[in-house]
Every structure is written in C-alpha cells, then in structure tokens.
Amino acid sequence: MKKTILIFAAILVSSLSFAFDWPQDEVTKDSYKSYFGQNRGNLLSTSMIFSEPTEIKAAEDGFVLAVLTDFSDDSDFFPSTLGTCVILAHDDDLISVYGNLDEDSLSINNETTIETGTIIASSGSSGFHENNGKLEFQIIDEKNKTAINPKVLMPRASEELPLTLTGIMIGNKNNDFFDINVSRTFTAGLYKVYCRRNQISAPYKTTVSINGIIVDQLSYDMITQENNKLCIIGKKKYTGADIFPNEKLQLLGEVMFTPGRATLGLAISDPLGNVKQLNYNILIK
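Written as structure tokens, this is what we have:
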C-alpha cells in the first residue's frame with residue numbers, strides 16, 4: 001500500500017508540477033503564518049495559511065464548485081475553521097480551497113467557470129483567524145482523498161524560511177524523552193527521533209539514518225487519510241499525534257537501535273533543496 005501511494009505521489013508531482021499559480025501577490029519567505037503539515041490541535045494542517053490580508057485570486061482555471069458562507073461543513077479536509085470559503089474544481093480531479101474570505105467582497109458565483117488570476121474576494125476574518133484577515137489555502141486530490149502540499153504545484157519561491165534542526169530528543173516506547181546532547185547511550189529497541197518544532201514552517205522532508213543507511217523518511221508533499229485520521233507517510237503512516245507529541249517537538253522518524261556503536265544521522269530539507277544535517281555517535285547496549 002505504501003509503495004502504491006509513493007508511486008502515485010511521484011506521478012502526480014511530475015505531471016502537475018507548477019500547474020498552479022500563487023493565490024495572492026507578493027509572496028516571500030515572510031508571507032506565511034503556517035505551513036502545510038503544521039500542528040493544528042494535534043491534527044496535521046492541510047492548509048497553507050498566509051500572514052497578510054490581500055486580494056485573493058484563482059490559482060488555476062476552474063469551475064466554481066461551491067461558495068460556503070457559513071460553518072455548514074466540518075471535516076478534517078474542510079474544517080469549519082475555514083469560515084467563508086470558495087472551492088474550485090480543476091482538471092485531474094484536483095480542487096482548490098480558499099478559506100477565511102471576506103463575504104462582502106465575494107465577486108464570483110456558484111457554477112461558473114473562471115480563469116487563472118480571476119479575483120475571488122479579499123481575505124477576511126470569517127474563520128478561526130478572527131480579525132487577522134489571512135488566506136487559508138488548500139489543494140485536494142478528490143479522487144485519491146489526499147491533500148497536496150501547494151508548494152509542490154506552484155512556482156518555487158526565491159527563498160524559504162531558514163531550516164532549523166535543534167533540540168534533538170529520543171523517545172522510547174514508554175514515551176520517555178532523552179536529550180541526545182546529554183545522553184548518548186541507549187538500550188536496544190524501537191525509538192522515535194524528534195527535533196524542536198518551528199512554529200511557522202514545516203520541513204519538506206525529514207530523514208533518519210543509521211551508519212549511512214536510511215531507516216525512515218517522512219515526506220510532506222501530501223497528507224493522506226487512514227481510518228479517518230490524517231497522516232504523513234514515512235516507513236508507515238504517522239498521525240498528527242505521532243508527528244507532534246506536544247507543542248515543542250516534531251517527529252523526524254523512527255529507528256530500531258541494535259547493540260553496538262552507531263552513527264545516528266538526521267536531516268531535514270526544504271522545497272528548494274536546502275538541507276540541514278546532524279550526526280551523533282551513540283552506544284547501544
């Protein structure tokens with residue numbers, strides 16, 4: 001199943017790369033309040049949330065599937081926190097969602113066809129953002145019930161928020177956490193490796209290796225559903241509670257420690273290919 005999903009993701013990304021435009025102008029590394037895949041009350045956020053109020057435009061040619069002006073829908077993919085939103089249908093079973101809009105500025109109607117760049121509305125304060133007026137933007141693959149990271153489908157930004165790989169913690173099956181800068185000796189067994197969570201950005205990919213061999217790799221190019229829970233795909237499907245055990249930590253991956261000396265390698269990357277890496281020499285008893 002995992003292999004099938006990964007193959008689908010590769011085909012989707014290769015065939016649809018840069019198929020969408022940005023839904024607002026003036027996009028820089030400081031244009032985001034929250035990245036796709038961030039923590040949202042122990043749920044994985046399927047939205048990319050912008051930081052400044054502005055006019056919102058269609059990111060691709062499409063058909064107006066719905067204009068929602070109340071909290072009538074409440075699901076993991078379309079939570080009521082979207083407030084007033086517009087949903088557009090596109091080719092390849094993709095839909096784009098523009099949430100937290102100002103209802104009074106809506107300039108489109110249901111069941112109409114619009115072109116890329118058409119002004120939809122201004123961002124507003126109808127969702128959970130209260131008076132902040134920020135766009136909440138999603139791209140959903142309706143057929144495969146997955147949320148796609150918008151950064152996969154839109155032109156690359158010139159720069160990203162700097163990567164940070166700090167505060168490394170090792171968690172055991174009893175949910176005990178060990179600071180790797182304090183303890184480098186571990187009992188053999190299955191562990192989870194965490195870093196300090198950035199409050200805005202989320203990595204595009206995280207990698208955990210032992211002696212140079214990759215043992216787990218989490219990809220934030222899409223979010224899937226498993227048993228009605230949103231998941232990030234690594235060597236298995238990780239839920240929001242797995243990825244974010246608390247407000248401070250974010251999962252890098254799982255690793256099985258076997259007796260002996262080993263080098264634990266950790267890496268995170270952004271959509272531009274920038275990488276931060278750390279290596280630790282550990283002893284496993």
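Once you know that position 29 of the sequence shown is 29 in my numbering, the rest is easy, because the numbers rise by one and skip nothing.
The beta carbon of each residue, even a glycine, is placed where N, CA and C say it ideally should be.
When secondary structure is reduced to three states using DSSP, I243 falls in the helix class. Boundaries of the beta strand (DSSP E) around K192: 189-196. When Cβ pairs closer than 8 Å are counted between the two stretches, the stretch 32-40 is seen to touch the stretch 191-207, the count reaching three or more.
Three or more Cβ pairs closer than 8 Å define a contact, and the stretch 204-224 meets that threshold against the stretch 235-251. Proximity of the stretch 255-262 to the stretch 170-188 meets the contact definition, three or more beta-carbon pairs being nearer than 8 Å.
In this structure, L135 and P23 form a Cβ contact; the two beta carbons are roughly 6 Å apart against a cut-off of 8 Å. Under the three-state reduction of DSSP output, E159 falls in the coil class, being neither helix nor strand. K229 sits in a strand when the DSSP states are folded into three classes. Under the Cβ criterion (8 Å, minimum of three pairs), the stretch 169-187 does not count as touching the stretch 224-236. V208 has its alpha-carbon roughly 35 Å from the corresponding atom of L82.
Its chain contains P203, Y204, K205, V275 as the residues whose beta carbon lies nearer than 7 Å to that of S269, once the 5 sequence neighbours on both sides are disregarded; these appear in chain order. For L65, same chain residues with a beta-carbon under 7 Å away, outside a window of 5 residues either side, are I87, L88, A89, I95 in chain order. The Cβ atoms of I120 and K57 lie closer than 8 Å to each other.
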